[in-house]
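K.L.:
Here it is: the structure, laid out below.
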Amino acid sequence: MTPSLSGFPPSQIRRLVIKIGSALLVDPQGEVREAWLRTLVADVAARKQAGQQIIIVSSGAIALGARRLKLPKGGRGSLEDAQAAAATGQIALSQCWASLLHERGITAAQMLVTLDDLENRRRYLNASATLERLMALDVVPVVNENDSVATAEIRFGDNDRLAARIGQAARADAVVLLSDVDGLYSANPHVDANAMLIETIERIDARIAGMADGGSASGMGSGGMTSKIEAARIATGAGAHLAIISGKVDSPLSHWSDGGKGSIFLAAQARGARKGWLAGRLTVRGRIVVDAGAEAALRRGNSLLPAGVARIEGIFARGDVVDILAEDGRVIARGLIEYDSEEAARIAGKRSEDIATLLGHLPRSVLVHRDHMAMV
Ligand code: GLU
């Protein structure tokens with residue numbers, strides 16, 4: 001592991017997002033694990049003292065609320081249950097954070113956001129400005145998804161990707177996911193004795209993505225390794241490092257700094273802010289499958305022309321986000337489309353000169369402009 005980065009020291013990492021999963025925060029009886037949380041808050045206080053700015057992304061609202069309301073399946077049986085549980089649990093969760101941080105002389109702030117808040121560029125910039133102001137005021141924001149209003153199709157559903165997206169909005173240097181596993185393993189360590197911890201991941205390729213297993217091990221939260229790798233893709237693409245470490249020990253951050261295990265996904269070269277936001281978007285409306293010539297042109301930095309398009313999939317409107325794929329299914333880029341799906345299908349494969357004849361008008365000569373496209 002890159003020695004200077006291990007433990008995400010305040011000297012290297014100015015702004016850090018810390019995500020805490022439900023199973024760490026809430027015990028099986030539905031109570032907050034307060035003694036453990038105090039040790040984490042002590043870690044946070046020490047880091048702040050050393051000059052690190054901290055943002056907390058805290059799960060646990062649904063788990064806490066479900067026990068209070070005696071809902072089956074941990075409150076995750078239906079969307080309505082999850083929303084009622086979140087509304088009930090969130091108030092207890094924020095009270096707990098506020099009082100434990102206050103014990104250490106730290107002011108807490110609460111931000112509840114939906115996926116939509118961060119997918120809409122204007123609201124994303126608002127959230128980003130609020131985080132910036134809170135940092136300047138030396139406050140620790142405690143963020144969670146606003147589960148009580150989010151509907152099924154527009155939910156993050158897991159706080160791993162939310163933490164990465166918040167890291168991006170806050171221009172954080174790193175994100176650490178406290179989990180019930182101590183990193184990314186080559187195979188499931190619970191079933192395979194030869195599974196090896198991967199300490200440093202420089203690139204999220206197919207081999208790394210294939211190590212994800214699916215659902216949450218604890219059954220309490222919703223993030224498994226898949227959502228953690230997806231979070232790593234968002235964070236590293238935004239120029240932030242992302243670590244997965246175990247939260248199953250007291251003072252988990254000091255434990256990690258003192259040589260504890262963990263996996264770090266190294267930040268990629270940061271894209272421009274707008275393209276980074278685009279690449280990290282989670283709602284994609286359509287897919288444009290392109291031929292090898294178009295792929296090569298995109299890689300040289302050109303816009304996508306209709307001529308190179310083999311197929312259009314999905315129903316979308318002009319301005320929606322689409323993925324651009326190679327014929328073998330690889331996602332090459334993501335961008336804002338200039339045509340709705342019906343018109344896009346009519347001009348697919350056609351030369352730009354013929355668009356006006358085909359459509360009776362010529363809105364744009366490109367399908368996706370390079371200024372509105374991010375390679376992935
Ligand atoms: N936002 C959910 C909660 O507070 C947790 C999502 C997750 O499990 O990551 O309960």
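When you line the sequence shown up against UniProt numbering, it's residues 1 to 376, in that order.
Ideal Cβ positions, reconstructed from N, Cα and C, are used throughout, including at glycine.
Mind checking whether LEU24 and GLY260 have CB atoms under 7 Å apart?
P.N.:
no
K.L.:
Just verifying my parser: in three-state terms, what is the DSSP assignment at THR236?
P.N.:
helix
K.L.:
DSSP three-state call for VAL321: helix, strand or coil?
P.N.:
strand
K.L.:
Can you tell me where the beta strand (DSSP E) with ASP160 in it begins and where it stops?
P.N.:
Per DSSP, ASP160 lies in no beta strand (DSSP E) segment; the continuous alpha helix (DSSP H) that holds it begins and ends at 159-169.
K.L.:
Here's the rule I'm using: 16 or more other beta-carbon atoms within 10 Å means buried, otherwise exposed. How should GLN168 be labelled?
P.N.:
buried
K.L.:
Check residue 396 in the structure and name its three-state DSSP category.
P.N.:
This structure does not reach residue 396, given that the chain is present from 1 up to 376, and the question cannot be answered.
K.L.:
Could you round the C-beta distance between ALA61 and ASP117 to whole angstroms and report it? I think they count as a contact, below 8 Å.
P.N.:
ALA61 to ASP117, Cβ: 17 Å. No contact.
K.L.:
Within 6 Å: the Cβ of GLY74 and any heavy atom of the ligand GLU?
P.N.:
No, since every heavy atom of the ligand GLU falls outside the 6 Å radius drawn around the Cβ of GLY74.
K.L.:
Got a sec? Which residues, its chain only, sit under 6 Å from VAL143 by beta carbon, not counting five neighbours each side?
P.N.:
Excluding residues within five positions, the ones whose Cβ falls inside 6 Å are VAL57, MET111 and ILE166.
K.L.:
With a Cβ-Cβ cutoff of 7 Å, do LEU100 and ALA85 count as a contact?
P.N.:
Contact flag unset, no.
K.L.:
Can you tell me the Cα-Cα spacing of ALA109 and ALA98, whole angstroms?
P.N.:
8 Å
K.L.:
Could you tell me whether any non-hydrogen atom of the ligand GLU is closer than 6 Å to the CB of ASP180?
P.N.:
no
K.L.:
What's the gap between the Cα of VAL32 and the Cα of VAL26?
P.N.:
5 Å
K.L.:
Can you tell me the Cα-Cα spacing of GLY214 and GLU230, whole angstroms?
P.N.:
With a pLDDT of 49 at GLY214, under the threshold of 50, the predicted position of this residue should be treated as unreliable, and no value is reported.
K.L.:
Within 10 Å of its beta-carbon, does ALA374 have 16 or more other beta-carbons around it, so buried, or fewer, so exposed?
P.N.:
buried
K.L.:
When you compare only the Cα positions, how much space is there between VAL41 and ASN302?
P.N.:
49 Å
K.L.:
Is ILE234 buried or exposed, if buried means 16 or more other CB atoms sit within 10 Å of its CB?
P.N.:
buried
K.L.:
Can you tell me whether GLU353 is helix, strand or coil according to DSSP?
P.N.:
helix
K.L.:
Could you check the C-alpha separation between GLY262 and ILE355 for me, to the nearest Å?
P.N.:
53 Å
K.L.:
Where does THR200 fall in DSSP's three states?
P.N.:
strand
K.L.:
Which residues does DSSP list as the beta-bridge partners of TYR185?
P.N.:
LEU197
K.L.:
Under 7 Å Cβ to Cβ from VAL113, same chain only, skipping five residues before and after it: list those, please.
P.N.:
ALA127, VAL143, GLU145 and ASN146
K.L.:
By Cβ distance, which residues of its chain are closer than 7 Å to LEU358, with the 5 residues on each side in sequence left out?
P.N.:
ARG346, ILE347 and LYS350
K.L.:
Should ASP147 be listed as close to the ligand GLU, given that the test is whether its C-beta is under 6 Å from any heavy atom?
P.N.:
yes
K.L.:
Smallest Cα separation from ALA46: which of GLY30, PRO10 and GLY74?
P.N.:
PRO10
K.L.:
At a cut of 8 Å, does the stretch 280-294 reach the stretch 323-340 through at least three beta carbon pairs?
P.N.:
yes
K.L.:
Enumerate in chain order the residues of its own chain whose CB-to-CB distance from ARG38 is below 7 Å, with the five nearest sequence positions on each side excluded.
P.N.:
LEU100
K.L.:
Measuring alpha carbon to alpha carbon, tell me which of ILE332, PRO306 and ASP323 ends up nearest LEU362.
P.N.:
PRO306
K.L.:
At the level of alpha carbons, what is the spacing between ARG121 and VAL191?
P.N.:
If you draw a straight line from the Cα of ARG121 to the Cα of VAL191, it comes to about 43 Å.
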